[in-house]
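The block underneath contains the structure these notes are about, expressed in structure tokens.
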Amino acid sequence: MSHPAELTAIPAHAHEHEHDHGGTGVYAKTLIGLLILTAITVAAASFDFGQGNVVIALFVATIKASLVVLFFMHLRWDKPVNAIIAMAGFLFLGVFIMFCLLDFNARNNYLPSNLHPVPDMPLAPGTAPAGEVLHTNPAAAAEGGEKK
Amino acid sequence: MDQGIATSPHIGDRPRPKKNYLNETKGFWSWAATLDHKRIGIMYLVGVLTSFLMGGIFALLVRLTLLTPSHKLFGKVLLTAEQYNRVFTLHGAIMVFLFIIPAIPASLGNFVLPLMLGAKDVAFPRLNLFSFYLWLTGAIMAIAAMVFGAVDTGWTFYTPYSTTTDGPVTLMTAAVFVLGFSSIFTGLNFIATVHKLRAPGMGWFDLPLFIWGIYATAIIQVLATPVLGITLVLLMLERSFGIGIFDPRIGGDPVLFQHFFWFYSHPAVYIMILPGMAIISELIPTFSQKTIFGYRAIAYSSVSLALVSFIVWGHHMFVAGQSQLATVVFSALTFLVAIPSGVKMFNWMLTMHKGNIKLDTPMLYAISFLTMFAIGGLTGIFLGTLATDVHLTDTYFVVAHFHYVMVGSTVTAFIGGLHYWWPKMTGRMYSEAWGRVGCALWNIGFNMTFLTQFFLGSKGMPRRYYNYLDQFQPLHAFSTVGSWILGLGLFITAAYLLASLRKPMDAPDNPWNGTTLEWKTSSPPIMHNFEEQPVLEREPYDYRPVLVAK
Amino acid sequence: MEWLTRLMMPPVGSEFAKEIDFMYMGLFWLSVALFCIVALPPIYFAWRYRYKPGRVTPHITHNTPLEIVWTVVPLLLCVAIFFWGLKGWMEYAVAPGDAMEVQITAKKWLWQFEYPDGSRTINDLHVPVNKNVKFIMTSEDVIHDFFVPDMRVKHDIIPGRYTEVWFNPTAMGKHVITCAEYCGKGHSDMHGVLTVENDADFAKFLETGGTEWEDYFNGKDPKKTPADWGRVQYETKGCNSCHTLDGTKSKGPSWKGIWGKMETLNNGSKVLVDEAYVRESMMSPSAKVVNGFEPIMPSFQGLLKENQIKGLIAFIQSLQ
Amino acid sequence: MSTTSVDLQTHGHPAAHAGEHAHDPHHQHHFTTMEQQFDTSKIGMWLFLATEVLLFGGLFVGFGMMQARYPREFVEAHTHLVRWQGALNTVVLLISSFTMVLAVQAAKKSEKGKQVLFLGLTILCACIFLVVKYFEYSHKYEEGWLPGRFYSYKGDSIPACHAAPPGEAAAAAPAANAAPCTNGYATFFSFYFMMTGLHGFHILAGIAVLTWILFRAKRGEFSASYYTPVDLVGLYWHLVDLIWIYLFPLYYLIQ
């Protein structure tokens, strides 16, 4: 009972606040920042840091994305609920990536990808024609198995 | 209908207004182009119930085919193996995507949510209508796919089977893609509505628990469904262009498809069950005439179920070839689901304690929900536990488990909710006596059909089997007989509900002595829901008599 | 309570199955107890507090200690069950090092089993009793699932990858093998028979090289001739890495048209390529090396069964 | 909508608001105030953007997992993308975001001329982006760097057949019958076309809505009291930019 809905809580002059933030100057600075970061990330890519290249590229991209979200998309001044929604999107994407990596990084049981069609076994009635069925060399599979 | 409610604080008997949302405007276009959430809710209701009928017929067909190992009925083979595979796929796909996902949120939710909030409509009425037409488009595409030979992939579309099998798989996945976006827009609409269109004086913890459930559902709809969309797009492209992501012949990974699919489809289980729980949270306090026990616990458990549902999808893949590390992590996280579910059960139980319980039809369904959800939830422990899951997964045990959750719980709650809001939606009371008969048959039939399947599963009967070993025949036959009783119960329910529509309007504004705002307007409501903007004066489920005197 | 276990579970085929049954029954009784706790009280309350006009209900909004109890106790219970399940699963997931390895190739809709000595069977799996057996599985088309209910094990079989499962059978006799991942029209007919037998019987089974070869020699199926069996050997025993079938020279002579030819050996003598020579070349390849080739071929003594040699001879014979 | 707004008056909505806002034609009946209506639209838009993030996110996850599966092939395939084209497009999109935000500001300040100018510039940038994309795509097409089964590049950098994990299984690979194996390469270009294609589709959709907004701005529909559509289209446009900010390094820089 004690929580008034937002619509009654909005002061009448809230609308005017919208004009206060931002401004051409802020936007111009943001753009310059974004262009500089683009230059940095392009420059960094011409050096070989090994795995570091990916980290740098994605880190810079995240800074750039944050600038866009905060200033161009006004999230810096916007109502918190919109920020929560935006973050939820990225958060759940992160969950998705994280758990998939948890699986993929721990895998070690791929067959050699040199699969080739070998019609070595009669096909059960109704199966696809021989050319479409992959035969994997069981001996190769076993070898892969021992090598993990 | 009932005595004693005249003294209740929540009754507001006014003369029935001449105009209501049903008769304010007339003609085809007044419905087809309506922006009114109540009419859109009714259109959805008709749509999902039609889908339910369709899916139900396929279910009965599946059961009938499994009656005997020879699949013969009166000397004729009922379905061949290919037909059987198509029929169970259609049953699954229709029930999941066309019926159960939109069932509660889009039909009852659409109708009730703005009323409960004291709002005139949902936040984006045009988007609401658009999402209904998306649903309709998806339904038509699914039926078209059915006409063009139907698909035999199972509703899960597992690769590489789905990328290599014949049939209109692309059309069917496109249909599901469209249905997904319908679901996204419904969820989006509800979140915005709950945030911005609450009646004056209604804070977050004054929301009816139905709204909390629908809100939690909407979070999943918005955040998980896009991944289903992209998964299906990838599947279609894999089929038509061989892009090499899911099909191992061209370098893809079928287990990646399962990750993609279950990232949506596990949370989708909560798109199905959370609204059911939401309805139960309304029915139990109303028919116990007692305030809800642990309001905040129920509200938080809805949202936490929604969030936890995103991090447990790997439990569908314990033996599917994901890494062992992932399997262990997903099993551990899966057990988290049990906690909020348990919390809800205990709260409902304690709400009934010392109540004043009227066993009207909706309440009978609510109690049925409690028993069936208990069975569905507890058998989930067998499947979440790694060692037993290895034996039980991909068998009838799983089939029985998810039917207890999706049908025994969600559909039971849906039917209960339908009875609960039927007077509000149609302005008419249904036959209480027949209602009880229908509920009894539903319970007997359902438990006969699916309790049996736990035994089939633990005995080692794999799912999606056309032929089975003779030793399973008695159990299959028992299950099939159960499905007839189940069907009869639903038929009776449909019959008396439809029969009630022929009566003149006789429902009082608040037949159940409910406390939420939808009972404050007339039955059926007027076009813009309330004569005056309602202001929340009492918390929901407040049955204290002190305030009666006031 | 043994009858109840038997009512719900398939026959016990291994010690692991016994453990799973124990765990299953433990969870079953736990579930029965929890069902009584959460689902029966509402039914009792519905009767005990049935509607009476004018009855006033108490306004009880919550009870924090009680709520903490029913959050924490189930949580602890869940943690315990998780570790119990993990313990059993570790046993299933990690095969012992000394296990005999059997290759499984699944395809629509049959099982192909290959033993370490090269013996192959279709849908007919034999394993010795009380020995650890590990299965290394892959699929040729779609996902299948190797499920032996009596052993309480199953695992998906994925094309492009191999997966493993193992068990130690204790119950002699026949058990059902079944496919548990939907794979199309013949999914429900994709059965195999697992025969658990004593060491002597198993040795006898291996000696004859499994049972699949019989299909190629009994003349019943025109698509299964001894030469076809030989082609299978050519591709799986590694012959194809040195001998071509199209006449081009590789590390060894091509088999095309070689049958019945007089070959010049590296010592200048000549030899007729007939059954005796082919046999000798497989068993002691360096004895007579064809001119122009290195003596690099390993001996296949003990690696090829009689039926396989016969098949290979028929195959070479057919390459005219 | 028209019938329902008539209903609004007949149903005695609190008169105070009606007076305050002087019947703004854009005011929908079920909102009490324009402020509430604006905030609701914003929430709706942000929710939509969250779904967009997850929609694209699926492709990012797919790309990441396939890169984990085929690290060597992916790095090699990367080298076929032209870095300066990607960089140019990045700059173009960043500038378009800047002009977009100025257009929103102009709408807030009721400056009609500036609105039209900046919206026009934004559309221009979008078109430049598509032109660059066109040259990129046609180059790929000519070389046969195409998705999935259309991959037909015959260049020397792709060996006849790969074994994965690299080298290990080479011994087991029979010399005969080694068809050129494009697994991984074809997958890379599948993702390249899917992700830039979906992004390009969003650019196209963006051009369509921007044009629509441009015409409405020309008619002078937007002012300080009502500029919701400009604001929402702006948010959408920035998201399209934001996705490119991730696509650019992922495809053009990591080599």
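Residue numbers (the working numbering), protein chains in the order written: chain A, 133 to 280; chain B, -18 to 531; chain C, 5 to 324; chain D, 225 to 479.
For glycine and all other residues, C-beta sits at the position ideal for the given N, C-alpha and C.
Just so we're clear, the structure is a prediction, and the values are computed from it rather than from any experiment.
Name the DSSP beta bridge partners of residue i, please?
{"i": "residue 446(B)", "result": "Beta-bridge pairing links residue 446(B) to no other residue."}
{"i": "residue 125(C)", "result": "117(C)"}
{"i": "residue 244(B)", "result": "The partner list for residue 244(B) (beta bridge, DSSP) is empty, contrary to what the question assumes."}
{"i": "residue 242(A)", "result": "165(C)"}
{"i": "residue 3(B)", "result": "Paired residue(s): none; residue 3(B) is not in a bridge."}
{"i": "residue 214(C)", "result": "124(C)"}
{"i": "residue 170(C)", "result": "138(C)"}
{"i": "residue 177(C)", "result": "200(C)"}
{"i": "residue 130(C)", "result": "199(C)"}
{"i": "residue 183(C)", "result": "150(C)"}
{"i": "residue 447(D)", "result": "450(D)"}
{"i": "residue 338(B)", "result": "54(C)"}
{"i": "residue 510(B)", "result": "507(B)"}
Can we count residue i as close to the ligand SAM, meaning its CB is less than 6 Å from some heavy atom?
{"i": "residue 496(B)", "result": "Summarising the ligand content, the structure contains no ligands, and the ligand SAM is consequently not present."}
Identify the continuous alpha helix (DSSP H) that holds residue i and give its terminal residues.
{"i": "residue 442(D)", "result": "409 to 442"}
{"i": "residue 543(B)", "result": "No answer is possible for residue 543(B): it lies beyond the span of chain B, which begins at -18 and ends at 531."}
{"i": "residue 343(C)", "result": "Shown here, chain C extends from 5 to 324; a query on residue 343(C) therefore has no answer."}
{"i": "residue 427(B)", "result": "413 to 439"}
{"i": "residue 360(B)", "result": "342 to 365"}
{"i": "residue 26(C)", "result": "19 to 42"}
{"i": "residue 239(C)", "result": "230 to 240"}
Mind listing the chain B neighbours of residue i? Cutoff is C-beta to C-beta under 7 Å, in chain order.
{"i": "residue 177(C)", "result": "Within chain B, no residue comes near residue 177(C); the closest Cβ sits about 16 Å away, beyond 7 Å."}
{"i": "residue 193(C)", "result": "448"}
{"i": "residue 224(A)", "result": "204, 291"}
Please determine, among the options, the residue with the shortest C-alpha to C-alpha distance to residue i.
{"i": "residue 223(B)", "options": "470(D), 409(D), 438(D)", "result": "409(D)"}
{"i": "residue 299(C)", "options": "278(C), 145(C), 270(C), 190(C)", "result": "270(C)"}
{"i": "residue 515(B)", "options": "503(B), 435(B), 77(B)", "result": "503(B)"}
{"i": "residue 313(D)", "options": "468(D), 300(D), 407(D), 302(D)", "result": "468(D)"}
{"i": "residue 356(B)", "options": "15(C), 35(C), 287(C), 31(C)", "result": "35(C)"}
{"i": "residue 192(C)", "options": "201(C), 199(C), 180(C)", "result": "180(C)"}
{"i": "residue 190(B)", "options": "495(B), 147(B), 525(B), 512(B)", "result": "495(B)"}
{"i": "residue 438(D)", "options": "458(D), 417(D), 259(D)", "result": "458(D)"}
{"i": "residue 195(B)", "options": "251(B), 407(B), 247(B)", "result": "251(B)"}
{"i": "residue 180(B)", "options": "246(B), 264(B), 94(B), 395(B)", "result": "94(B)"}
{"i": "residue 363(B)", "options": "8(C), 178(C), 25(C), 208(C)", "result": "25(C)"}
{"i": "residue 181(D)", "options": "225(A), 165(A), 157(A)", "result": "Within the shown structure, residues of chain D are numbered from 225 to 479, placing residue 181(D) beyond reach of any answer."}
Over what stretch of residues does the beta strand (DSSP E) that includes residue i continue unbroken?
{"i": "residue 2(C)", "result": "The displayed coordinates of chain C run from 5 to 324. Any statement about residue 2(C) would go beyond what the structure contains."}
{"i": "residue 106(C)", "result": "104 to 111"}
Just the chain A side, please: which residues come within less than 8 Å of residue i by C-beta, in chain order?
{"i": "residue 337(D)", "result": "Under the 8 Å cutoff, chain A gives no residues; its nearest Cβ is about 15 Å from residue 337(D)."}
{"i": "residue 470(D)", "result": "190, 193, 197"}
Could you tell me which chain C residues have their CB closer than 7 Å to the CB of residue i, listed as they occur along the chain?
{"i": "residue 229(B)", "result": "163, 164"}
{"i": "residue 337(B)", "result": "53, 55, 56, 59, 61"}
{"i": "residue 270(B)", "result": "61"}
Quick one: list the residues of chain D neighbouring residue i, beta-carbon separation under 7 Å, in chain order.
{"i": "residue 169(B)", "result": "268, 271, 272"}
{"i": "residue 241(A)", "result": "Correct list: empty, because the minimum Cβ distance to chain D is about 11 Å."}
Going along chain A in order, which residues have a C-beta closer than 9 Å to the C-beta of residue i?
{"i": "residue 411(D)", "result": "Neighbours of residue 411(D) on chain A: none; closest Cβ ~11 Å, over 9 Å."}
Which bits of chain D does residue i rub up against, with CB to CB less than 9 Å?
{"i": "residue 176(B)", "result": "263, 264, 267"}
Mind listing the chain C neighbours of residue i? Cutoff is C-beta to C-beta under 8 Å, in chain order.
{"i": "residue 375(B)", "result": "149, 151, 158, 184, 185"}
What runs of the alpha helix (DSSP H), each 4 residues or longer, lie entirely inside the stretch 333 to 377 of chain D? Segments of the alpha helix (DSSP H) lying fully in the stretch 333 to 377 of chain D: 336 to 367.
Which runs of the alpha helix (DSSP H) fall wholly inside the stretch 85 to 136 of chain B and span at least 4 residues, in chain order? 91 to 98, 106 to 128
Runs of beta strand (DSSP E) lying entirely within the stretch 242 to 324 of chain C, each at least 3 residues, in chain order: 266 to 268, 274 to 276
Report the residue ranges of all alpha helix (DSSP H) runs contained in full by the stretch 136 to 160 of chain B; include only those spanning at least 4 residues, in chain order. 142 to 145
Unbroken beta strand (DSSP E) runs of length 3 or more, entirely within the stretch 71 to 98 of chain C: which are they? Whole beta strand (DSSP E) segments, 3+ residues: zero.
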